[in-house]
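Taking this note's numbering, the leading residue of the sequence shown gets 128, the next gets one more, and so forth.
C-beta: ideal position from N, C-alpha, C; glycine also.
Since the structure is predicted, the reported quantities are computational estimates derived from the model, not experimental observations.
Here is the structure we will look at.
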Amino acid sequence: MDLIQLLDLTKDELQTLLTDWGEPRYRADQIWRWLYRRFAFSPEEMTDLPKSLRTRLSTETRLHPLHFLTTLDSSDGQTRKTLFTLPDGPRVEAVLMRYQKRRTLCISTQAGCAMGCPFCATGQGGFDRNLSSGEIMAQVLFYARLLAVEEGRVTNIVFMGMGEPLANYAATWAAIRRLNDPTGFGLGARAMTLSTVGLAPAIRRMSHEPERVGLAVSLHAPTDELRDELVPINRRYPLAQLMGACREYITATRRRVSFEYALMDGINDSDEQAHQLADLLGGMLAHVNLIPLNPTADSPYRGSSKSRVRAFSAVLEDRGVPTTLRLRRGIDIQAGCGQLRARYGSSEGRTPTTALSADKHPGTGDHH
Ligand code: SAH
Ligand code: SF4
């Protein structure tokens, strides 16, 4: 018998299941609270349920689909990455970043990624499969439970881990809804940000969703010619289409769109390209996040020098484009996403692409 995946269920589906089992309606509310407010890891913890129901849940359902594999803390203790194995073998990473008041999670939506951006560790590892909504939720609940121990809580979630969230639209959106549910996890849509490689039709679809989550777009190049190379999906959805979809999102949500731009030495970091970027974004309710690229093992691209990053940023500022420079943390942790997995192997039984012993602190280099 296939196990029922508890974290994949909507509240209605959970209610139906409990009704089918002959349980009173309020049992679903109790279980919902155990899952999304008290972050139970097993039905045995749900002490206000009758023993018989706990036993049935334990035998017929699976609560946590993620098997904890390893965790790594940055040297300043502010960033923690965890690598999980899915029941069928693939691995995914999720990251906790501690700021003064915020506790931000970076969550994966796919095991691997099919978009093939040549500078990205996840893209280099190829695509395994989409995550289910429960597998996305489970990453959040893992950290929520950890933070609860120190009386902290998750304040922000960014869908910027492994994978392309808009290529797994249904599951990602099911997770967003459940995270937003005031009777469940209860995180405001404004505290969530989705990062996309730029799937224009899906961005348009997003603008019709009631949950107004933040939109970040991985731009990385100001012209189609260069973007075709750095972000291959640009050949399918070129800049004119992508910008059109972003404008639609801004009009529908009145929210500012963030454009991520990883500066690569001698590739996309000249003053002229900064001007081209300013031209592209001129007049838009936009914001640019600049980071020097984190080099990955198999990529020819290198990060720009600090002075080049500052010069590029100065052009944007001069042109009136709001810009954030991330020299150490923040979005740059994303570059690490996929790198821990690369060191351990993308799935059980597969050979790592980098030797573990080559690095004492895999995945926690100077970019954190
Ligand atoms: N697939 C989505 C979300 C995951 S990637 C997307 O591409 O937006 C999250 C962010 O990390 C993206 O902006 C991506 O371009 C960036 N990124 C990937 N590899 C990187 C690297 N080596 N250095 C810096 N940023 C990188
Ligand atoms: Fe996929 Fe994003 Fe990496 Fe591109 S940058 S390969 S879309 S995860």
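| Item | Value |
| --- | --- |
| Starting from alanine 413, follow the alpha helix (DSSP H) in both directions and report where the run begins and ends. | Where alanine 413 is concerned, there is no enclosing alpha helix (DSSP H), although the beta strand (DSSP E) it sits in stretches over 413 to 419. |
| Would leucine 130 be called buried (16 or more neighbouring beta carbons within 10 Å of its own) or exposed? | exposed |
| Hey, could you find the ends of the alpha helix (DSSP H) aspartate 175 is sitting in? | Unbroken run through aspartate 175: none, as it is neither H nor E. |
| So, for leucine 369: in the same chain, excluding its five sequence neighbours on each side, which residues have a beta-carbon less than 6 Å away from its beta-carbon? | Gly325, Ala327 |
| Using the Cα positions of glutamate 387 and phenylalanine 195, report the straight-line distance between them to the nearest angstrom. | 30 Å |
| Check whether the Cβ atoms of glycine 288 and isoleucine 360 lie closer than 8 Å to each other. | no |
| Tryptophan 300: which of Lys178, Ile263, Leu274 sits nearest, CA to CA? | Ile263 |
| Quick check on the burial criterion: 16 or more other C-beta atoms within 10 angstroms. Buried or exposed for lysine 178? | exposed |
| When DSSP labels each residue in this structure, what does histidine 194 get in the three-state scheme? | strand |
| Roughly how many whole angstroms lie between the Cα atoms of alanine 462 and arginine 362? | Bear in mind that the predicted position of alanine 462 carries a pLDDT of just 41, short of 50, making it too unreliable to give a figure here. |
| Kindly confirm or deny that the segment 408 to 420 and the segment 372 to 381 touch, where touching means at least three C-beta pairs closer than 8 Å. | yes |
| Considering just the uninterrupted stretch of the beta strand (DSSP E) at alanine 238, what are its terminal residues? | 237 to 239 |
| Just to check my reading of the structure: proline 214 and alanine 265 have Cβ atoms closer than 8 Å, yes? What is that Cβ distance to the nearest angstrom? | About 11 Å; that fails the 8 Å criterion. |
| Quick one, are the C-beta atoms of phenylalanine 312 and tyrosine 163 less than 8 Å apart? | yes |
| Distance, Cα to Cα, threonine 146 vs aspartate 139? | 10 Å |
| Return the residue from the list Ser259, Thr320, Ser185 that minimises the CA-CA distance to leucine 232. | Thr320 |
| Would you check if the distance between the CB atom of leucine 176 and the CB atom of alanine 155 is smaller than 8 Å? | no |
| Mind pulling the beta strand (DSSP E) runs of 3 or more residues that sit fully within the segment 206 to 246? | 206 to 212, 218 to 225, 230 to 233, 237 to 239 |
| How many Å lie between glycine 457 and glycine 341 at the Cα? | With a pLDDT of 40 at glycine 457, under the threshold of 50, the predicted position of this residue should be treated as unreliable, though the coordinate-derived value follows. For glycine 457 and glycine 341, the distance between alpha carbons rounds to 15 Å. |
| Using the Cβ count rule (16 or more neighbours within 10 Å means buried), how would you classify glycine 290? | buried |
| Roughly how many angstroms lie between the CA atoms of serine 397 and isoleucine 330, to the nearest whole one? | 29 Å |
| Please state whether the Cβ-Cβ distance between leucine 404 and proline 349 is less than 8 Å. | yes |
| Is the segment 270 to 279 in contact with the segment 216 to 231, if contact means three or more CB pairs nearer than 8 Å? | yes |
| How many angstroms separate the CA atom of valine 436 from the CA atom of proline 419? | 7 Å |
| Can you tell me the Cα-Cα spacing of serine 345 and glutamine 205, whole angstroms? | 25 Å |
| Rounding to the nearest angstrom, what Cα-Cα distance links valine 219 and phenylalanine 166 in this structure? | 20 Å |
| Starting from the Cα of threonine 323, find the closest Cα among Lys208, Glu150, Cys240 and give me that residue. | Cys240 |
| In chain order, what residues of the same chain lie with their CB nearer than 8 Å to the CB of serine 168, ignoring the 5 residues before and after it? | For the record, residue 168 in the displayed sequence is phenylalanine; it is not serine. Cβ within range, chain order: Leu190, His191, Arg272. |
| Taking 7 Å as the line, does the beta carbon of serine 345 fall inside it for any heavy atom of the ligand SF4? | yes |
| Please list the terminal residues of the continuous alpha helix (DSSP H) segment that includes phenylalanine 254. | Careful: phenylalanine 254 lies outside any alpha helix (DSSP H), inside the beta strand (DSSP E) at 254 to 257. |
| Name the two residues that bound the continuous alpha helix (DSSP H) containing leucine 452. | Segment 450 to 452 is the beta strand (DSSP E) holding leucine 452; no alpha helix (DSSP H) there. |
| Buried or exposed for alanine 424, please, with buried defined as at least 16 other CB atoms from any protein chain shown within 10 angstroms of its CB. | exposed |
| Measure from the alpha carbon of arginine 339 to the alpha carbon of each residue in Gly447, Asn283, Ala294, Gly315, then state which is nearest. | Gly315 |
| So, with DSSP's three-state summary, where would you put arginine 305? | helix |
| At which residues does the beta strand (DSSP E) containing alanine 389 begin and terminate? | 384 to 390 |
| Do alanine 401 and phenylalanine 246 count as a contact pair if the criterion is CB distance below 8 Å? | no |
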